[in-house]
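Novice:
There are 2 protein chains.
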Amino acid sequence: MSKKDKQFVEEITPMEVDFAQWYTDVIKKTDLVDYSPVKGFMVIKHYGYAIWENIQKYMDNRFKETGHKNCYFPLLIPESLLKKEAEHVEGFAPEVAWVTHGGDEELAERLCVRPTSETIICEMYSRWLKSYRDLPFLYNQWCSVVRWEKSTRPFLRTSEFLWQEGHTLHETYEDAQEETLQMLNIYKETAEELLAMPVVVGQKSEKEKFAGAYATYTMEALMHDGKALQAGTSHNLGQHFTTAFDITYSDRNGDLKHPYHTSWGVSTRLIGGIIMVHGDNRGLVLPPGVAPVQVVIVPIASHKEGVLDKANELFSQLKGKFRVELDDRDNYSPGWKFNEWEMKGVPIRIEIGPKDIEKNQAMLFRRDELEKEAVSLDNLEEAVDNLLRDINNNLLYKAKKMRDEKTYIVKSFDEMKEVMDIKPGFVKAMWCGERECEEHIKAETGVTIRCIPFEQEDLGHTCAFCGKEAKHMVYLAKAY
Amino acid sequence: MSKKDKQFVEEITPMEVDFAQWYTDVIKKTDLVDYSPVKGFMVIKHYGYAIWENIQKYMDNRFKETGHKNCYFPLLIPESLLKKEAEHVEGFAPEVAWVTHGGDEELAERLCVRPTSETIICEMYSRWLKSYRDLPFLYNQWCSVVRWEKSTRPFLRTSEFLWQEGHTLHETYEDAQEETLQMLNIYKETAEELLAMPVVVGQKSEKEKFAGAYATYTMEALMHDGKALQAGTSHNLGQHFTTAFDITYSDRNGDLKHPYHTSWGVSTRLIGGIIMVHGDNRGLVLPPGVAPVQVVIVPIASHKEGVLDKANELFSQLKGKFRVELDDRDNYSPGWKFNEWEMKGVPIRIEIGPKDIEKNQAMLFRRDELEKEAVSLDNLEEAVDNLLRDINNNLLYKAKKMRDEKTYIVKSFDEMKEVMDIKPGFVKAMWCGERECEEHIKAETGVTIRCIPFEQEDLGHTCAFCGKEAKHMVYLAKAY
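So the protein sequences, as listed, match chains Z and C.
Under my numbering, the first residue of the first sequence carries the number 1, and numbering increases by one thereafter.
Under my numbering, the first residue of the second sequence carries the number 1001, and numbering increases by one thereafter.
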């Protein structure tokens, strides 16, 4: 490594030394994000935003395939609407931003910047819905929301974030439940297929469910540091909001009924998940499905005749098929470029130099395994295509392995405390189902019940924490 | 038309009777939009939002082809930042919404909901820009903005709207000017090619330019009622903001310089333009490029054997190639469906009934000309493809014709007043270039100078309004 290279590769704090600092170093040095002048608000830079665009594109297709359409509802919600559903206002009022003035005039009623849109959407649904023939309502919106947070970290918890929120109405409880689980499943498939991020899916406890929900379902991922990330939630809202907002329709017998209601959302938080599940001490490792640049071509000895021409030829060949970039900057050495693109997590680097050209080959470097191999230029496209697939599978495999290694079965409170002290992760344990017991666990250890997984295992008959009769097997963890 | 049909087809006020009411009827009855509980804020329903998605998709591609990348900047801007550029704050402060409380706490500094993002973006650019090697900065964002409006109308003027805002930095004035005009040209091509909406392009007068701009360029379209719509603007901001925000870089000689700056935006206002340029007394007429449904298939006598099967077959055949819907609802008559889809502006309706099947044909109805012709099922795809193209060309042709018929050359103030009284439209006239003269025209007539068009014509040597020496030929109109 030349002096110049060393100068460039600013140190990323190793994750074993200080995980939080590692995260901050990575997001700042890879130009994903920046802090803004307003505390707790982030600027998503183009490299980070491009990841979000790739997530959006995939998910929006999945939503549309399942019959959902996008709408746009207003940013500002009157205080009186927010207050209509009692649990909801209690949950959200403490963390909303209030608009009190429009231009020079004080408003007669305060407006909150949407923290989520159930209330304004229900208000509109109450005007739109007439007959059972109109059902189901299957709408989604992509937007930003604001929740005033005291302690923030880019992508993971910020006072503003980007997300999608789906809001649907159905004739029956069963239809709403089916929708809730269908969307959770789409989230799970997005996480695992697109982001190579394995998730545990299940139901939230009463304490942890969404303010105003009948039942909340979640997907939970495990990060490198053993903390869990709630990566997406889907709520069966029952008739709580549809009653509070007096949404009615005439059913097949002509009777007035309240419909059943769901909402579901994922956010830019997913990007935080990608970073903390796949990243390493060199920086980002991006899954090919969302990497803004899937392949970077770096010419070697580019001043030598024919090298730049060949690099350009390969670029033209791959363009349109992959998200590819040619790094032909003449003020940086190949070594400097290698370091930069590795830090930025580009899945594949193609190196092409005079010797490669002689042999009709290129070197393919894979970021996930830091390995290089020569590939014939005759099969370059196929080789890249296969390697991207392989990288995706490998990332999912490695993430599952990491998670499994950090998942423990515990039989007692003490055992959990010990495990969490030594090497934190997911804990599987039997639980009584009581709120007091859950609150006690959290107060004592900071550990929370992440979910009651759909895949139950029988780990015994008594609650590991209070000794009462066990009701469920649950996943616990410290969480972001 | 059966009784049921008549019942359904609620009257749309004819545009000749009351254009404003016609507009309101059309947007409400076609489910484009709804009013929200907050005055001046609109809900964009799925049919309206799908138009916006089609516009976004086209434009986003054009932006990316020309090297622009998307980012996301915070929704809330500190008051102190808004105040940094003097003209800018004067222009926007009276119409911003102020956030004064986060949760239960009063904020130390008020935050405005972005009315546009020059200030927050310049603040970030000042941190990011170091060297001439970093230039140009070519970033865009898709978001919503809030401007507190006293008098609003959906899509045309609302207190919140969706838009894109591009913000770029360049080494030289010439580069910035080239960018400004390049983006205006992309806007013009979007308007004419995608929306079939002819526009006049040119420069805004000093009075009408963007608050803080060095020069503002605009595209202006003429609506059915003879009023102009400013449909998109591109600003050369010179060094106004880059000086105020102290954005500097070291140039090729190592000297510190302020870069040159542009911004450019179009909004959901374009949808208002589409409605008022192409619509008629039956409702919407949507250009094929943005129509959420390009082709609707309506089976005739669908209870007869084979009809629904055939309709489904056609649907499968066209799906994936066009945005197509099969209207197989059994509780509406074909006549009712015809009316509904015509009102919703769907470019092509395919009717298929027993007699058509016998003859191996379908009837193709085109919304723009309200004409029907039989087409062999052997060439259906090709016929639909050709007809969509033809409809697009025809809409542009008709809109140009309408505009030309409503464009007048005037030589005096009196002549303009007379013309504007009888049948309003675009007025072309010579103008002295003086602000007082411009203000006098507006105060007397409500007519404004829409732009100094790039295509100048020599209509004389004296200002039509004050008699002084003429400087430019300008377009004038009453405007939305």
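Glycine included, every Cβ here is placed at the ideal spot set by N, Cα and C.
Here the structure is a predicted model, which is why all the values come from computation and not from measurement.
(1) So the beta strand (DSSP E) Gly1166 (chain C) belongs to, where does it begin and stop?
(2) Under 7 Å Cβ to Cβ from Asn392 (chain Z), same chain only, skipping five residues before and after it: list those, please.
(3) Among C:Ser1144, C:Trp1148 and C:Lys1064, which one has its Cα closest to the Cα of Asp104 (chain Z)?
(4) Would Leu256 (chain Z) pass as a contact of Thr243 (chain Z) if the rule is Cβ separation under 7 Å?
(5) My understanding is that His1170 (chain C) touches Leu1129 (chain C), with C-beta atoms under 8 Å, so please give their C-beta distance in whole angstroms.
(6) Excluding the 5 residues flanking Gly1283 (chain C) on each side, which residues of the same chain have their C-beta closer than 8 Å to its C-beta?
(7) Where DSSP assigns a beta bridge to Asn70 (chain Z), which residues make up the other side?
(8) Between the Cα of Glu1220 (chain C) and those of C:Tyr1173, C:His1240, C:Glu1109 and C:Leu1270, spot the shortest distance and give me the residue it belongs to.
(9) Please give me, in chain order, every unbroken run of the beta strand (DSSP E) with length at least 3 that falls completely inside the region 1422 to 1463 of chain C.
(10) Closer than 6 Å by C-beta to Phe161 (chain Z): which residues in its own chain qualify, once you throw out the five before and the five after it? Chain order, please.
(11) Please list, in chain order, all residues of the same chain as Asp1225 (chain C) whose beta carbon is under 8 Å from its beta carbon, the five residues on each side excluded.
(12) Strictly below 7 Å CB to CB, what residues from chain C border Leu111 (chain Z)?
(13) Tell me the residue span of the alpha helix (DSSP H) that contains Thr1243 (chain C).
(14) For the region 67 to 86 of chain Z, list every residue whose C-beta sits within 8 Å of some C-beta in chain C, in sequence order.
(15) Can you tell me which of the three DSSP states Val26 (chain Z) falls into?
(16) Are the region 1306 to 1313 of chain C and the region 1323 to 1335 of chain C in contact at 8 Å, needing three or more beta carbon pairs?
(17) For the region 1112 to 1124 of chain C, enumerate the residues whose C-beta is nearer than 8 Å to any C-beta of chain Z, in chain order.
(18) In the DSSP assignment, find the unbroken beta strand (DSSP E) run with Thr1216 (chain C) in it and report its ends.
(19) Say whether chain Z places a C-beta atom closer than 7 Å to the C-beta of His1261 (chain C).
(20) In chain C, which residues lie less than 9 Å from Leu237 (chain Z) when you measure between Cβ atoms?
(21) Can we say the region 1348 to 1360 of chain C touches the region 1293 to 1301 of chain C, given the rule of at least three CB pairs closer than 8 Å?
(22) Just tell me which of C:Arg1062, C:Glu1053 and C:Leu1032 has its CA closest to the CA of Lys1045 (chain C).
(23) Ends of the alpha helix (DSSP H) at Pro1481 (chain C)?
(24) Note down, in chain order, every chain Z residue with its Cβ under 7 Å from the Cβ of Pro1094 (chain C).
(25) State buried or exposed for Met1001 (chain C), treating a residue as buried only when at least 16 other CB atoms are found within 10 Å of its CB.
(26) To the nearest whole angstrom, what separates the beta carbons of Asn394 (chain Z) and Asp368 (chain Z), a pair I think is in contact under 8 Å?
(27) Among the residues of its own chain, which have a CB less than 8 Å from the CB of Met473 (chain Z), if the five just before and after it don't count?
(28) Within the same chain, show all residues whose beta-carbon is closer than 8 Å to that of Glu1206 (chain C), passing over the 5 residues directly before and after it, in chain order.
(29) Which residue from C:Val1099, C:Trp1098, C:Leu1076 and C:Ile1121 puts its Cα closest to that of Asn1070 (chain C)?
(30) Alpha carbons only, please: which of C:Lys1442, C:Gly1254 and C:Tyr1475 is nearest the one belonging to Arg1403 (chain C)?
(31) Taking a contact to mean a Cβ-Cβ separation below 7 Å, would you say Thr111 (chain Z) touches His68 (chain Z) in this structure?
(32) Using alpha carbons as the reference points, say which of C:Pro1115, C:Gly1433, C:Glu1090 and C:Glu1193 lies closest to Gly1212 (chain C).
(33) Is it buried or exposed, Thr1172 (chain C), if we count other Cβ atoms within 10 angstroms and call 16 or more buried?
(34) When you check each C-beta in the region 44 to 55 of chain Z against every C-beta of chain C, which residues fall closer than 9 Å?
(35) At the level of alpha carbons, what is the spacing between Lys1417 (chain C) and Thr1445 (chain C)?
(36) Leaving out the 5 sequence neighbours to the left and right, which residues in its chain are closer than 7 Å to Asn1312 (chain C) when beta-carbon positions are compared?
Specialist: Here's the rundown:
(1) Glu1160 to His1170
(2) Ala196, Pro287, Pro288 and Gly289
(3) C:Trp1148
(4) Cβ atoms of Leu256 (chain Z) and Thr243 (chain Z): not closer than 7 Å.
(5) Actually they do not touch by this definition, with Cβ atoms about 11 Å apart.
(6) Ile1012, Val1026, Lys1029, Thr1030, Glu1342, Met1343, Lys1344 and Gly1345
(7) Z:Asn140.
(8) C:Leu1270
(9) 1426 to 1431 and 1448 to 1453
(10) Ser267 and Thr268
(11) The answer, listed in chain order, is Met1015, Phe1019, Met1276 and Pro1424.
(12) Val1038
(13) His1240 to Ala1244
(14) Residues Lys69, Asn70, Cys71, Tyr72, Phe73, Pro74, Leu75, Leu76, Ile77, Pro78 and Leu81.
(15) helix
(16) The region 1306 to 1313 of chain C is in contact with the region 1323 to 1335 of chain C.
(17) Val1113, Ile1120, Glu1123 and Met1124
(18) From DSSP, the beta strand (DSSP E) with Thr1216 (chain C) extends over Ala1215 to Leu1222.
(19) no
(20) Residues of chain C passing the Cβ test: none, with the nearest at roughly 20 Å.
(21) Yes, they touch.
(22) C:Leu1032
(23) The displayed coordinates of chain C run from 1001 to 1480. Any statement about residue 1481 (chain C) would go beyond what the structure contains.
(24) Neighbours of Pro1094 (chain C) across chain Z, judged by C-beta separation under 7 Å: Gly103 and Asp104.
(25) Here the model assigns Met1001 (chain C) a pLDDT of 42, short of 50, so the residue's position is not dependable, and the following value carries that caveat. Under this definition Met1001 (chain C) is an exposed residue.
(26) 5 Å
(27) Lys428, Ala429, Met430, Trp431, Ile452, Pro453, Gln456, Glu457, Asp458 and Leu459
(28) Arg1435
(29) C:Ile1121
(30) Out of C:Lys1442, C:Gly1254 and C:Tyr1475, C:Tyr1475 has the C-alpha closest to the C-alpha of Arg1403 (chain C).
(31) The sequence as given places Leu at residue 111 (chain Z); Thr does not occur at that position. No.
(32) C:Glu1090
(33) Thr1172 (chain C) is exposed by the Cβ-count criterion.
(34) Ile44, Lys45, His46, Tyr47, Gly48, Tyr49, Ala50, Trp52 and Glu53
(35) 7 Å
(36) Leu1326
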